[in-house]
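Q: Here this note's numbering is used: the first residue of the sequence shown is 609, the next is one more, and so on. C-beta: ideal position from N, C-alpha, C; glycine also. All of these numbers come straight from a predicted model, not from anything done at the bench. There's a structure below that I have some questions on.
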Amino acid sequence: VYRGSVKDFQGFDANQDAEALYNAMKGFGSDKEAILDLITSRSNKQRVEICQAYKSLYGKDLIADLKYELTGKFERLIVSLMRPQAYGDAKEIKDAISGVGTDEKCLIEILASRTNKEIHDLVAAYKDAYERDLEADIVGDTSGHFKKMLVVLLQGAREEDDVVSEDLVEQDAKDLLEAGELKWGTDEAQFIYILGRRSRQHLRLVFDEYLKIAGKPIERSIRGELSGDFEKLMLAVVKCIRSTAEYFAERLYKAMKGLGTRDNTLIRIMVSRSEIDMLDIREVFRTKYEKSLYNMIKEDTSGEYKKALLKLCGGDDDAAGEFFPEAAQVAYRMWELSAVKVELRGTVRPAGDFNDDGDAQVLRKAMKGLGTDEGAIIEVVTKRSNAQRQQILKAYKAHYGRDLMADLKSELSGSLAKLILGLMLTPAQYDAKQLRKAVEGAGTDESVLIEIMATRNNQEIRAINEAYQEAYHKSLEDDLSSDTSGHFKRILVSLALGNRDEGPENLTQAHEDAKKLADVSSNDSSDSLETRFLSILCTRSYPHLCRVFQEFIKMTNHDVEHAIKKRMSGDVRDAFVAIVRSVKNKPAFFADKLYKSMKGAGTDERTLTRIMISRSEIDLFNIRGEFIDLFDKSLHHMIEKDTSGDYRKALLALCGGED
């Protein structure tokens, strides 16, 4: 099935189009609208024919005339569209290695994403256009393992056999593990050989096998074992093997997000993918970033340049509200990855040679007399497990007849005080306190209720109920019931029971559950829709729900999260989405919340503090891994950049390291 956004123009006449372009550029000024309308609605093959017809009719070079008449980004875009694909790639690579410095990102993007045939065509086009050998030029402009991998990719010799050997899959996964994680140093040659030569189908299975035996995705190992441009190249290869459309969706998003636009990247991708997989890229973009590619281009560009890019994009997926097979495949792959058991690890562990009396003395000394030694307090509190902190509380009382919590409260202030005092509570006491704050006073903080209730297991929920009753002499269920309403209240009350199934998946039941969630016949009331989702999402076990979501994708070509967002709104939608994301990948859910708490102007310190405390002994190490995978920056780096003083020191101690 053709997945490009630009197709052959019906009733095409090269001479007629050449004449129209000549007239658009004749005389004073040029008719840019006519130029962009014509060129963006013709296929690359047809544009090449127009160039030939233009030369025959007028004895002039069309590309030279377009360069003369147009300017800036619009000119670069239109001229790029006039070149055959292979010559366009050749020009991009020539520009990337010419002059001072090298545009490594351009080299990586092109060579990591092209098929064998596209690579062969590129090498031939480069030789024809510049009378130079592409491999020799790249060897002369790059170095080390980065150069070696580029040369391997330049051969265009990736295996293309769809028949996969299970034994070889297992062996390659084992070889990659032994070349990196299990080796002192790294055997880069093994990574180059396997990732540069094996077929796409084979490598996808290798990546799945690697996740099973290593307990982490191959991308995370590459980040840990490799560095610099070589690391970026290998990550790009892995991303393209998994999904070329997803790789380009991410590149386009990064080209436009934040201040300024990387126009060269935007032009190169929009031109090169317009007749290959632009529809797939659009679908993945919409699913991954909750915004259409069309709208992001519209907001980020202007003038004729914008109009031409939107024509290449070919449509607005926000307006269509559709979800298509490529996006479904990406979603399905993510569910499959989430189903693999990965060991959860906190960053705070019990201190060796722990001495509760000695720690109590250190804390007393830090708060005695004039001034407070915040550093000593941070060192003790962040380097002890919660169980050890409870012992310190008792030792402090026994030794000094004083309440450590009260002393800390009087000596510390602001964000640091909230962080340290939160760490001194048991996890159940801390969650109970956060829930109480969310419901007391004017207004309700629904996001806190959702975050805690949607992510805690049965044991944690029951402990929270007990702590809440003990601290506030009221039941959590009563407070939730009195402070919320409708379906949202019913979701929270159901979760507050802590009665979620804990058994394994049941395939027959999962199929029925998926069918129930997918059934949205027009005569169904809104009430029955929410009730059906509640009865499944709030009661079934996590392994079972993983299977339900996979069955849902198979049935509908929709991800269940997309379906929730389309059919529901407000707090009900947010609660169900939080449950789905928690089931799918809880560390990724918290990584996303941490990122949002620090991105942009200002910091949401309440969310940042709450998550760093509550996950520090459960899965903060995993959250760190997901954070760098999702946002290409480490949690440590973002905390360091976004916070300050002793609060920052304490957060970084909990973070437990730089990735």
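1. What is the rounded straight-line gap between the Cα of Asp621 and the Cα of Cys848?
2. Tell me whether the beta-carbon of Asn558 lies closer than 8 Å to the beta-carbon of Glu1110.
3. Considering only residues of the same chain and omitting the five flanking positions on each side of Ala626, which have a CB-CB separation below 7 Å?
4. Can you give me the C-alpha to C-alpha distance between Met878 and Leu917, rounded to a whole angstrom?
5. For His753, which of helix, strand or coil comes out of DSSP?
6. Using 8 Å as the cut-off, can you tell me whether the stretch 1031-1042 makes contact with the stretch 1148-1165, which would need three or more C-beta pairs spanning the two stretches below that distance?
7. May I have the straight-line CA-CA distance separating Thr1217 from Gly966, to the nearest angstrom?
8. Is the Cβ-Cβ distance between Val772 and His810 less than 8 Å?
9. In angstroms, rounded to a whole number, what distance separates the CA positions of Met864 and Leu920?
10. Kindly indicate the opening and closing residues of the alpha helix (DSSP H) around Ile1172.
11. Please return the same chain residues whose Cβ sits closer than 7 Å to the Cβ of Leu1100, not counting the five positions on each side in sequence.
12. Taking the alpha helix (DSSP H) that Glu796 falls in, what are its first and last residues?
13. So which of Asp1200, Glu891, Ile705 has the shortest CA-CA distance to Ala857?
14. Just to confirm, is the Cβ distance from Ala694 to Asp729 under 8 Å?
15. Only counting the same chain, and skipping five residues up and downstream in sequence, which positions put a Cβ closer than 6 Å to that of Glu833?
16. Would you call the CB atoms of Ile1172 and Phe1184 closer than 8 Å?
17. Could you give the DSSP three-state label for Val772: helix, strand or coil?
18. Since I believe Ile884 is in contact with Leu685 (beta carbons under 8 Å), could you give me their beta-carbon distance rounded to a whole number of angstroms?
19. If we count Cβ pairs, one from each stretch, closer than 8 Å, do we get three or more for the stretch 1009-1026 versus the stretch 1045-1057?
20. Give the C-beta separation of Ile905 and Lys914 to the nearest angstrom, bearing in mind that I take them to be a contact with Cβ-Cβ under 8 Å.
21. What residue range does the alpha helix (DSSP H) around Glu987 cover?
22. Beta carbon of Glu1113, beta carbon of Cys1154: below 8 Å?
23. By Cβ distance, which residues of its chain are closer than 6 Å to Asp711, with the 5 residues on each side in sequence left out?
24. Three or more C-beta pairs closer than 8 Å, one from the stretch 1080-1087 and one from the stretch 1206-1223: is that the case here?
25. Once the 5 residues before and after Arg1181 are set aside, which same chain residues still bring their CB inside 7 Å of it?
26. Just to confirm my understanding: we take Val747, look at its own chain, exclude 5 residues before and 5 after, and list those with CB closer than 8 Å. What are they?
27. Using the Cβ count rule (16 or more neighbours within 10 Å means buried), how would you classify Ala1258?
28. For the alpha helix (DSSP H) that Thr1116 lies in, which residues bound it at each end?
29. Does Gly929 come out as helix, strand or coil in the three-state DSSP assignment?
30. CA-CA distance, Leu819 and Glu1068?
31. Given Asp925, which residues of its chain have a CB within under 6 Å of its CB, disregarding the five upstream and five downstream residues?
32. Look up Gln763 in the DSSP assignment and say whether it is helix, strand or coil.
33. If you follow the alpha helix (DSSP H) that Arg1189 is part of, which residue opens it and which one closes it?
34. Can you tell me whether Ser721 is buried or exposed? The criterion is at least 16 other CB atoms within 10 Å of its CB, across all chains shown.
35. Quick test of your reading: Ile718 and Ile701, contact by CB under 8 Å. State the CB separation rounded to the nearest angstrom.
36. In chain order, what residues of the same chain lie with their CB nearer than 6 Å to the CB of Ser1228, ignoring the 5 residues before and after it?
A: Let's see:
1. 37 Å
2. No information on residue 558 is available, as it lies outside the stretch 609 to 1267 that the chain covers here.
3. Ile658, Ala661, Tyr662, Leu665
4. 7 Å
5. helix
6. no
7. 27 Å
8. yes
9. 16 Å
10. 1168-1175
11. Leu1057, Met1061, Leu1088, Thr1092
12. 796-805
13. Glu891
14. yes
15. Gly788, Thr794
16. yes
17. coil
18. The Cβ separation is near 17 Å, so there is no contact.
19. no
20. 7 Å
21. 982-990
22. yes
23. Ala704
24. no
25. Ile1172, Lys1173
26. Lys755, Val759
27. buried
28. 1115-1126
29. Summary for Gly929: the model assigns pLDDT 49, below 50, so the residue's position carries little reliability; its value from the coordinates is reported in the next sentence. Of the three classes helix, strand and coil, the one that applies to Gly929 here is coil, per DSSP.
30. 28 Å
31. Arg890, Arg894, Ser900
32. coil
33. 1178-1206
34. buried
35. 6 Å
36. Looking at the sequence shown, residue 1228 is not Ser but Leu. Around Leu1228: Gly954, Thr955.
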